[in-house]
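In what follows, a single structure is set out as structure tokens and then discussed.
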Amino acid sequence: MTVAVAQRGVTAEELLRMPDDGFRYELVRGELRRMAPSGFQHGRLCVNITTLLDQYVRSRHLGTVCAAETGFRLATEPDLVRAPDGAFIARERVDAVGDVEGYWPGAPDLVIEVVSPHDLYTEVEGKVLDWLDAGTRLVLVVNPRRRTVTVYRSPHEIVVLTEQDTIEGGEVVPGWVVPVQDIFG
Numbered sequence: 001m002t003v004a005v006a007q008r009g010v011t012a013e014e015l016l017r018m019p020d021d022g023f024r025y026e027l028v029r030g031e032l033r034r035m036a037p038s039g040f041q042h043g044r045l046c047v048n049i050t051t052l053l054d055q056y057v058r059s060r061h062l063g064t065v066c067a068a069e070t071g072f073r074l075a076t077e078p079d080l081v082r083a084p085d086g087a088f089i090a091r092e093r094v095d096a097v098g099d100v101e102g103y104w105p106g107a108p109d110l111v112i113e114v115v116s117p118h119d120l121y122t123e124v125e126g127k128v129l130d131w132l133d134a135g136t137r138l139v140l141v142v143n144p145r146r147r148t149v150t151v152y153r154s155p156h157e158i159v160v161l162t163e164q165d166t167i168e169g170g171e172v173v174p175g176w177v178v179p180v181q182d183i184f185g
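Counted from 1, the sequence shown has number 160 at position 160 by our numbering; the numbering is strictly sequential.
This is how it looks when you write it as structure tokens:
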């Protein structure tokens, strides 16, 4: 669950320079939002799915996989910086932009969001729409309570996968296929 901090008009540069106070933040249209540290189950599921993705991507030199807390600047004036639980950026885009010290300028190609126990589904849906609006081509929402993965390719192309199904990377991560049960295993 995110909590709005009573501070408005914050920029991505200000967020990047903030001292570490033990919390994670996202910047939603100039509004700073504090996020509680993740719980054990959340962290375990993030590692499970990002490890599977990273191993596949590295072995085929397809691009870069980023861990949780990596910031992506999705919009400016007002600034929008989101930090997914995992992300993939295609090699061509990484090569074109190069190594970035601050927030990645734009959306990743694939985003992974793991629902935390106190997340509101409306907040998760808002994040998904922000990712898709910014150009993310594939969003995976892992729901530990339901043991499902919801795949978003657009706001209208949505598929809910159960443990009997498999995730397919399609055009975003060609050839990547993962049984949903492997994420929860």
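The beta-carbon is built from N, C-alpha and C at its ideal position, and this holds for glycine as well.
It should be emphasised that the depicted structure is a prediction, and the values quoted were computed from it without experimental measurement.
Backbone CA spacing between residue i and residue j [nearest angstrom]
{"i": "THR50", "j": "GLY86", "result": "6 Å"}
{"i": "ALA12", "j": "ASP79", "result": "6 Å"}
{"i": "PRO179", "j": "HIS118", "result": "26 Å"}
{"i": "ARG34", "j": "LEU161", "result": "30 Å"}
{"i": "GLY71", "j": "GLY106", "result": "10 Å"}
{"i": "CYS66", "j": "VAL57", "result": "11 Å"}
{"i": "VAL173", "j": "GLU31", "result": "33 Å"}
{"i": "MET18", "j": "VAL111", "result": "25 Å"}
{"i": "ARG29", "j": "GLY170", "result": "31 Å"}
{"i": "PHE23", "j": "SER59", "result": "34 Å"}
{"i": "LEU16", "j": "VAL10", "result": "10 Å"}
Residue burial classification, residue i (beta-carbon count within 10 angstroms, cutoff 16)
{"i": "PHE88", "result": "buried"}
{"i": "GLU101", "result": "exposed"}
{"i": "HIS156", "result": "exposed"}
{"i": "TYR121", "result": "exposed"}
{"i": "GLY39", "result": "exposed"}
{"i": "ARG8", "result": "Here the model assigns ARG8 a pLDDT of 46, short of 50, so the residue's position is not dependable, and the following value carries that caveat. Counting Cβ neighbours within 10 Å, ARG8 comes out exposed, since fewer than 16 surround it."}
{"i": "ALA6", "result": "Its pLDDT being 49, under 50, ALA6 is placed unreliably by the model, and the measurement read from it follows with that caveat. By the 10 Å Cβ count, ALA6 comes out exposed."}
{"i": "ASP109", "result": "buried"}
{"i": "ALA96", "result": "exposed"}
{"i": "THR166", "result": "exposed"}
{"i": "ARG91", "result": "exposed"}
{"i": "GLY63", "result": "buried"}
{"i": "ALA36", "result": "exposed"}
{"i": "VAL159", "result": "exposed"}
{"i": "ASP201", "result": "Since the first residue of the chain shown is 1 and the last is 185, residue 201 is not available in this structure."}
{"i": "ASP130", "result": "buried"}
Contact set for residue i: own chain, Cβ-Cβ below 8 Å, skip 5 residues either direction
{"i": "ASP21", "result": "none"}
{"i": "PHE184", "result": "LEU45, ASN48, PRO144, ARG147 and GLU163"}
{"i": "LEU132", "result": "VAL139, TYR152, SER154 and PRO155"}
{"i": "GLU168", "result": "TRP176 and VAL177"}
{"i": "THR136", "result": "ALA107, PRO108, ASP109, LEU110 and VAL111"}
Any non-hydrogen atom of the ligand GDP closer than 8 Å to residue i Cβ
{"i": "ALA36", "result": "The ligand GDP is absent from the structure shown, which contains no ligands of any kind."}
Supposed close pair residue i, residue j - CB separation, criterion 8 Å
{"i": "LEU45", "j": "VAL142", "result": "6 Å"}
{"i": "SER116", "j": "HIS61", "result": "Incorrect: roughly 33 Å between the Cβ atoms, too far for contact."}
{"i": "ASN134", "j": "ALA75", "result": "For the sequence presented, residue 134 should be read as Ala rather than Asn. With 8 Å as the limit, ALA134 and ALA75 qualify as a contact, their Cβ atoms being about 7 Å apart."}
{"i": "VAL81", "j": "GLU123", "result": "Wrong, their Cβ atoms sit about 16 Å apart, outside the cutoff."}
{"i": "VAL149", "j": "LEU138", "result": "The pair is not a contact, with the Cβ atoms about 11 Å apart (cut-off 8 Å)."}
Cβ-based neighbour list, residue i, same chain, cut-off 6 Å, excluding 5 preceding and 5 following
{"i": "TRP104", "result": "PHE72"}
{"i": "ALA68", "result": "CYS46 and ASP85"}
{"i": "VAL114", "result": "HIS42, LEU45, CYS46, ASP85 and VAL142"}
{"i": "VAL195", "result": "Residue 195 lies beyond the residue range present for the chain, which begins at 1 and ends at 185; the question has no answer from this structure."}
request  = List in chain order: all unbroken alpha helix (DSSP H) runs of 4+ residues lying wholly within the stretch 115-139.
outcome  = You should have 121-134.
message = Quick check on the DSSP output: what are the complete alpha helix (DSSP H) runs of length 4 or more inside the stretch 15-100, in order along the chain?
response = Within the stretch 15-100, the complete alpha helix (DSSP H) runs of at least 4 residues are 40-60 and 91-97.
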